[in-house]
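J.: Sharing a structure, written as structure tokens. Questions coming.
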Amino acid sequence: MRYRVNTDNTWFYQDVAGRRVARLARGSVVSAGTTRNDWMQVTLDGWIFATSVGPSDRPDFDLLVTHAPNENLRAAPAGPLIAELAQGFGLKRVGTDSSGSRWVHVRRDGWVQRSSLVPIADVVSTRTADTTRDTASTPAAPTPAARAGDTSRVDSSRAQPVRMTTLYRAPDGPEAGTIAADVPVRVLSRNGEWTRVQYEGWVKGGDLQVAPAGVMLGVTAAELRAEPQRYVGQALRWRLEFIAIQKADELRPDIPAGASYVLARGPLPERGFVYVVVPDSRLPAFRALTPLVEMQITARVRSGRSRYLGNPVVDLISLEGGTTP
Numbered sequence: 001m002r003y004r005v006n007t008d009n010t011w012f013y014q015d016v017a018g019r020r021v022a023r024l025a026r027g028s029v030v031s032a033g034t035t036r037n038d039w040m041q042v043t044l045d046g047w048i049f050a051t052s053v054g055p056s057d058r059p060d061f062d063l064l065v066t067h068a069p070n071e072n073l074r075a076a077p078a079g080p081l082i083a084e085l086a087q088g089f090g091l092k093r094v095g096t097d098s099s100g101s102r103w104v105h106v107r108r109d110g111w112v113q114r115s116s117l118v119p120i121a122d123v124v125s126t127r128t129a130d131t132t133r134d135t136a137s138t139p140a141a142p143t144p145a146a147r148a149g150d151t152s153r154v155d156s157s158r159a160q161p162v163r164m165t166t167l168y169r170a171p172d173g174p175e176a177g178t179i180a181a182d183v184p185v186r187v188l189s190r191n192g193e194w195t196r197v198q199y200e201g202w203v204k205g206g207d208l209q210v211a212p213a214g215v216m217l218g219v220t221a222a223e224l225r226a227e228p229q230r231y232v233g234q235a236l237r238w239r240l241e242f243i244a245i246q247k248a249d250e251l252r253p254d255i256p257a258g259a260s261y262v263l264a265r266g267p268l269p270e271r272g273f274v275y276v277v278v279p280d281s282r283l284p285a286f287r288a289l290t291p292l293v294e295m296q297i298t299a300r301v302r303s304g305r306s307r308y309l310g311n312p313v314v315d316l317i318s319l320e321g322g323t324t325p
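Right, dumping it as structure tokens:
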């Protein structure tokens, strides 16, 4: 059975109550095995950049993380973040991507506290009734309306949750809220186990922040990764956690070689990385920031998902300020 991590920075343990060896991202999906009191054995299954791992000298593992201080494990090549793995973390090789060189498919078993996991809810059903029950409880002869096909047709664009369910901004992305059972929704599309839905409601106007002209609010990094072309050229307002100023290298071909960019986490509360391309003339404002400070920026999307590492790349429009952590 599969479970979703529902807490931030959940610890992944080598053994029950043993050594903590990795942090799992909120929203990541794991396969669960045996349980032991308050603990559940889980399997991390994901993809890691090939140049960030090397051969293992430990008999239990094929590979070790060599990138310092840590490297990201992703659900797919350049996909959503699953976990941050420290240098020296052991992994079993499963395979490689279609190119055979850039990404490695890996796996690792460990333990997580059960309170940090929730079972993945079933995909919203588009059936309007249980056909087995209907067959047993209705006459064998169809009614004239049913013969005509007017009332027996299923509208696959309409559905409703069978229980209180979590609404996510994107597949494996951050939570957006909950939908009560029996609330009608419209099915827009499907992607594997995920169904994209739309529903309408009302809120008090005083609780809303109006977006500035031409600037989008509330767009997550997970949404950019899921539909990278949709947001290219759009202006966003994000709250990020400043990490450092860096220079673009060959792993970041979406940024001109040697150009300065800000490495940040977010948009908060997401914990993935974001690259903010900053003109040299604007760098002094960022050099004045303390690492881990929260900052608000307005930026234009250059790439929703960078070529190799899968992180959003945006061009700075303005820095609205930061606050000391």
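One point on numbering: in my numbering, the residue at position 258 of the sequence shown is 258, and numbering is uninterrupted. Note that the Cβ used here is the ideal one computed from N, Cα and C, for glycine as well.
(1) Measure the beta-carbon distance from Trp111 to Trp39 and round it to whole angstroms, keeping in mind my assumption that it falls under 8 Å.
(2) Which value, in whole angstroms, describes the spacing of the CA atoms of Thr324 and Phe242?
(3) According to DSSP, is Phe61 helix, strand or coil?
(4) Please classify Ala299: does DSSP put it in a helix, a strand, or coil?
(5) Starting from the Cα of Pro119, find the closest Cα among Val314, Arg2 and Pro267 and give me that residue.
(6) Closer than 8 Å by C-beta to Ala148: which residues in its own chain qualify, once you throw out the five before and the five after it? Chain order, please.
(7) Just the Cα atoms here: how many angstroms apart are Leu268 and Arg239?
(8) Among all the DSSP beta bridges, which residues are the ones paired with Arg158?
(9) Could you check how far apart the C-beta atoms of Ala50 and Arg102 are, in whole angstroms? I think they sit under 8 Å.
(10) Take Gly233 and list the residues in its own chain whose beta-carbon comes closer than 7 Å to its own, dropping the five residues that flank it on each side.
(11) Taking the DSSP output, what are the residues bridged to Asp45?
(12) Label Arg158 either buried or exposed according to how many other C-beta atoms from any shown protein chain fall within 10 Å of its C-beta, with 16 as the threshold for buried.
(13) Excluding the five sequence neighbours on either side, which residues of its own chain have a C-beta within less than 6 Å of the C-beta of Arg237, listed in chain order?
(14) Determine the closest residue to Leu73 out of Lys204, Leu91, Tyr168 and Arg282, with distance taken between C-alpha atoms.
(15) Compute the Euclidean distance between the alpha carbons of Arg230 and Gln14, then round it to the nearest angstrom.
(16) Taking the alpha carbon of Glu200 as the reference point, which residue from Val185, Arg93, Arg114 and Ser303 has its own alpha carbon closest?
(17) Candidates Pro312, Ser56 and Pro59: which alpha carbon is nearest Ala221's?
(18) Can you pull the DSSP bridge partners for Phe83?
(19) For Leu308, which residues of its own chain have a beta-carbon under 8 Å away from its beta-carbon, when the five flanking residues on both sides are left out?
(20) Where Leu331 and Arg26 are concerned, what is the direct C-alpha to C-alpha distance, given to the nearest angstrom?
(21) Hey, would you say Glu71 sits closer than 7 Å to Ser56, going by beta carbons?
(22) Count the other C-beta atoms from every protein chain shown that fall within 10 angstroms of the C-beta of Arg20, then say buried if there are 16 or more, exposed otherwise.
(23) Could you have a look at Ser306 and say whether DSSP puts it in helix, strand or coil?
(24) Could you name the residues that DSSP lists as bridge partners for Ser115?
(25) Does the distance from the CB of Ser94 to the CB of Arg108 come in under 7 Å?
(26) Let me know the secondary structure DSSP gives Thr165 once reduced to three states.
(27) Arg265: which of Val293, Pro284, Leu63 and Ala259 sits nearest, CA to CA?
T.: According to the structure shown:
(1) 5 Å
(2) The predicted position of Thr324 is uncertain, since its pLDDT is 44 and thus under 50; a value taken from the coordinates is nonetheless stated next. Distance between the alpha carbons of Thr324 and Phe242 is about 11 Å.
(3) coil
(4) strand
(5) Arg2
(6) Because Ala148 sits at a pLDDT of 44, beneath the cut-off of 50, its placement in the model cannot be relied upon, and the following sentence gives the value as read from the coordinates. Answer for Ala148: no residue qualifies.
(7) 6 Å
(8) Arg186
(9) 6 Å
(10) Arg300 and Val301
(11) Arg107
(12) exposed
(13) Val215, Leu217 and Thr298
(14) Leu91
(15) 40 Å
(16) Val185
(17) Pro312
(18) One point to set straight first is that residue 83 is Ala, not Phe, in the sequence displayed. According to DSSP, Ala83 bridges with Leu24 and Leu73.
(19) Strictly speaking, residue 308 in this sequence is Tyr, with Leu absent from that position. Correct list, in chain order: Phe49, Ala78, Arg102, Leu251, Arg252 and Pro253.
(20) Since the displayed the chain opens at 1 and closes at 325, residue 331 lies outside it and no answer follows.
(21) no
(22) exposed
(23) coil
(24) For Ser115, which the question treats as bridged, DSSP gives no partner whatsoever.
(25) For the sequence presented, residue 94 should be read as Val rather than Ser. Cβ atoms of Val94 and Arg108: not closer than 7 Å.
(26) strand
(27) Val293
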